[in-house]
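Colleague: The sequence shown maps to residues 252 to 327 in the working numbering. Think of the CB as a built atom: it goes at the ideal place given N, C-alpha and C, for glycine as much as any other residue.
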Amino acid sequence: MSRDLGLGDRAKALGQFGVNRLAHAAILGAVKDVLPVAEAGLLVGSCQWPLLAHRMDRIRDHGGTCLLAAHLAGLG
Numbered sequence: 252m253s254r255d256l257g258l259g260d261r262a263k264a265l266g267q268f269g270v271n272r273l274a275h276a277a278i279l280g281a282v283k284d285v286l287p288v289a290e291a292g293l294l295v296g297s298c299q300w301p302l303l304a305h306r307m308d309r310i311r312d313h314g315g316t317c318l319l320a321a322h323l324a325g326l327g
C-alpha cells in the first residue's frame, strides 16, 4: 500500500485500501441500516471514510454483515 493515501480522492483511496464497489455498497447499506441518518451522513462524509470503510470491510470479511452491524450499533 502506498504511503500517499490521497484521502482527498475517495475513489482512489478506497482502491488503495482494496475496498471494491460491491463491498463499499454493502458497507454503506449496513451503515444506513444501523445508524440514524444524521450520524450515517457524518460518518460517510468524513475525510477518513476510506480508512473506516477499509476497517469495516475487514470486519465484514471475517464475520459477515451481522458482525459489522453489531459493531456499528456500538457506536450509537
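#1: If you draw a straight line from the alpha carbon of His320 to that of Lys283, how long is it in whole angstroms?
#2: Compare the Cα-Cα distances from Trp300 to each of Gly314, Ala324, Leu279 and report the closest residue.
#3: Would you mind working out which of Leu323, Met307, Leu318 sits nearest Asn271, comparing C-alpha positions?
Modeller: Answer, in terms of the structure:
#1: Here residue 320 turns out to be Ala, not His, going by the sequence shown. Approximately 10 angstroms between the Cα atoms of the pair.
#2: Nearest option by C-alpha distance: Leu279.
#3: Met307
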